[in-house]
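Colleague: The structure that follows is given in the form of structure tokens.
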């Protein structure tokens with residue numbers, strides 16, 4: 189059996205200008221990064237902004253398991269299937285992070301015959317967007333420490349610095365560090381921290397900014413520290429906005445590549461969904477809606493994280509109204525939620541399936557709370573039995589959802605035609621009545637508790653003393669109307685990754701709260717979730733190599 193990277197490397201890609209033609213985009217509206225990658229020019233939006241929007245389809249999933257769900261594979265395959273049906277469709281996805289690529293998760297370009305290509309480029313340096321974000325983040329950190337060293341006119345309290353440096357790599361030893369050691373000219377000694385680039389507020393800002401003007405305004409609002417009187421100090425006060433914006437000038441432009449079947453794919457931005465808002469850029473999604481009749485996008489991890497943030501943060505801020513949601517699951521993952529060990533998932537086990545399907549049930553209920561019609565799709569495996577598939581089908585249809593089996597990993601777009609037809613039928617027959625989960629005027633704690641109880645199923649929310657104090661301070665500073673971005677582990681509906689299925693009567697514990705004033709949301713960190721992940725005992729990096737001809741292997 190061929191690996192994903194072997195399939196991708198054998199692909200016959202078209203020149204990116206030919207892919208653009210499918211969207212009626214000429215060469216003058218492209219900035220080429222070689223033959224197979226391009227960025228849209230700033231002028232393109234002005235040309236298309238008055239066109240009617242296409243239909244917006246969100247792809248999300250149950251909580252991820254070691255058995256695999258295939259959310260991105262489904263997104264790509266669904267876009268390819270629309271092409272098979274002669275529908276004008278485009279896929280709008282996030283860019284992968286190097287952290288999980290070299291860690292445990294692997295790449296994020298889809299899989300099998302439902303991939304976006306060039307796969308190696310996308311998973312590694314791509315067009316340099318993440319490097320630009322990392323550089324802008326760390327430039328602000330450098331200017332902050334330099335300001336303190338050069339006289340500290342803003343009266344910054346070194347013990348109240350909240351801006352962290354970042355790196356797009358899983359590197360646990362950088363979570364807590366000491367900087368400024370050495371001579372007096374080497375800076376003020378203080379504790380500092382690194383986060384992964386995809387958790388940086390600048391990543392979130394880039395993905396939510398409408399244009400350069402909005403980007404600069406958001407960058408200026410970033411709170412980097414507090415002074416000795418407790419007042420916030422911003423990036424604008426450090427005179428850092430212009431230089432950061434200069435670094436981000438090209439990163440602000442969405443990227444165009446293709447699938448194995450030459451469906452256009454707009455890939456832009458990549459905030460994590462467990463520690464950030466988990467959606468591709470607003471600019472990419474809005475541009476896609478002007479270019480195609482159907483836009484397939486996805487949100488990271490399970491629907492309790494990615495979909496909730498897509499709805500309550502991205503759609504709220506950008507005025508987006510999704511027309512349908514595709515909820516991805518597998519029989520294997522549902523049996524895993526029912527207590528079956530990973531090594532035993534190939535055997536038929538209806539009893540475990542009946543126990544584990546409650547995870548899917550909760551996600552269906554959550555999505556229906558937003559007023560958006562739901563299509564459930566199972567990524568089919570050879571070991572799935574007819575009895576298992578029939579049980580899941582009946583379960584979903586009894587809850588008002590269309591149901592489809594997906595075979596896009598094996599067959600590409602051909603294996604997703606039934607799913608595409610079910611999505612089209614759902615959009616045509618079930619109008620979306622999209623609404624957000626909570627209103628802006630609720631307090632921060634009321635928003636947190638609404639998400640914890642209605643989406644996760646928690647019985648209560650508890651707070652560290654410092655978290656409660658932070659919420660009070662954030663509200664006193666005038667940020668109470670912002671939406672909440674919950675940082676939670678992805679493996680469970682709870683903040684305990686070992687609680688599978690549909691846990692009940694559990695508390696959600698908030699240990700830290702801070703405001704991302706530039707992004708426009710308040711972050712609440714639950715449990716033990718880390719904003720700088722670590723590598724596993726045997727990282728994927730150990731299996732990656734490149735030969736003398738420049739051919740990369742082992743990149744999943």
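Residue numbers (the working numbering): 189 to 744. All C-beta atoms in this analysis are idealised placements derived from N, C-alpha and C, irrespective of residue type, glycine included. Since we're looking at a predicted model, the values are computed, not measured.
1. In whole angstroms, give me the CA-to-CA distance for residue 421 and residue 339.
2. Report the three-state DSSP secondary structure of residue 524 (helix, strand or coil).
3. So the beta strand (DSSP E) residue 288 belongs to, where does it begin and stop?
4. Which residues in the same chain have their Cβ closer than 6 Å to the Cβ of residue 572, if we skip the five residues on either side of it in sequence?
5. At the level of alpha carbons, what is the spacing between residue 546 and residue 609?
6. Below 7 Å CB to CB, which residues in the same chain sit around residue 602 once its five sequence neighbours on both sides are set aside?
7. How many Å lie between residue 399 and residue 393 at the Cα?
8. Measuring only the C-alpha atoms, how far is residue 430 from residue 373?
9. Is it right to say residue 570 is buried, meaning 16 or more other beta carbons lie within 10 angstroms of its own, or is it exposed?
10. I'd like to confirm the pairing. Which residues does DSSP put opposite residue 378 in its beta bridges?
11. Measuring CB atoms only, is the stretch 248-260 touching the stretch 677-684, in the sense that at least three cross pairs come out at less than 8 Å?
12. Cα-Cα, which of 502, 665, 229 and 633 is closest to residue 624?
13. Could you check if residue 365 is buried or exposed, using at least 16 other CB atoms within 10 Å of its CB as the buried criterion?
14. Starting from the N-terminal side, write out each stretch of the alpha helix (DSSP H) that is 4 residues or longer and does not extend beyond the stretch 496-565.
15. If you draw a straight line from the C-alpha of residue 515 to the C-alpha of residue 550, how long is it?
16. Pull up the distance between the alpha-carbon of residue 232 and that of residue 727, whole angstroms please.
17. Go ahead and pull the three-state DSSP assignment for residue 406.
18. In this structure, how does DSSP classify residue 697 when only helix, strand and coil are distinguished?
19. Can you tell which of 361, 258, 410 and 511 has its C-alpha closest to the C-alpha of residue 611?
20. Mapping DSSP to helix, strand and coil, what is residue 592?
21. Should residue 645 be labelled buried (16 or more other beta-carbon atoms within 10 Å of its own) or exposed?
22. Nearest-angstrom Cα distance between residue 509 and residue 323?
23. Smallest Cα separation from residue 460: which of 495, 446, 443 and 475?
24. Does DSSP put residue 704 in a helix, in a strand, or in coil?
25. Taking a contact to mean a Cβ-Cβ separation below 8 Å, would you say residue 367 touches residue 380 in this structure?
26. Measuring straight from C-alpha to C-alpha, what distance separates residue 469 and residue 319?
27. In terms of residues, what are the limits of the beta strand (DSSP E) holding residue 473?
28. Assuming residue 709 is part of the beta strand (DSSP E), what are its boundary residues?
29. Return the bridge partner residues of residue 673 from the DSSP annotation.
30. What are the boundary residues of the alpha helix (DSSP H) that includes residue 659?
31. At a cut of 8 Å, does the stretch 343-353 reach the stretch 408-421 through at least three beta carbon pairs?
32. Indicate whether the contact test is met: 3 or more Cβ pairs, each with one atom in the stretch 663-675 and one in the stretch 686-706, closer than 8 Å.
33. Find out if the Cβ-Cβ distance for the pair residue 441, residue 237 is shorter than 8 Å.
34. In the DSSP assignment, what are the bridge partners of residue 281?
35. Alpha carbon to alpha carbon, how far is residue 652 from residue 521? Give it in angstroms, no decimals.
36. Just reading off the alpha helix (DSSP H) that residue 352 is part of, what are its end residues?
Modeller: Once the coordinates are examined:
1. 15 Å
2. helix
3. Segment 286-290 is the alpha helix (DSSP H) holding residue 288; no beta strand (DSSP E) there.
4. 519
5. 26 Å
6. 272
7. 11 Å
8. 26 Å
9. exposed
10. 367
11. yes
12. 502
13. exposed
14. 519-525, 538-544 and 546-557
15. 11 Å
16. 41 Å
17. helix
18. strand
19. 511
20. strand
21. buried
22. 34 Å
23. 495
24. strand
25. yes
26. 16 Å
27. From DSSP, residue 473 is part of no beta strand (DSSP E) but of the alpha helix (DSSP H) over 470-479.
28. 709-714
29. 711
30. 653-664
31. yes
32. yes
33. no
34. 455
35. 34 Å
36. Looking at the DSSP string, residue 352 is not in any alpha helix (DSSP H), and its letter there is neither H nor E.
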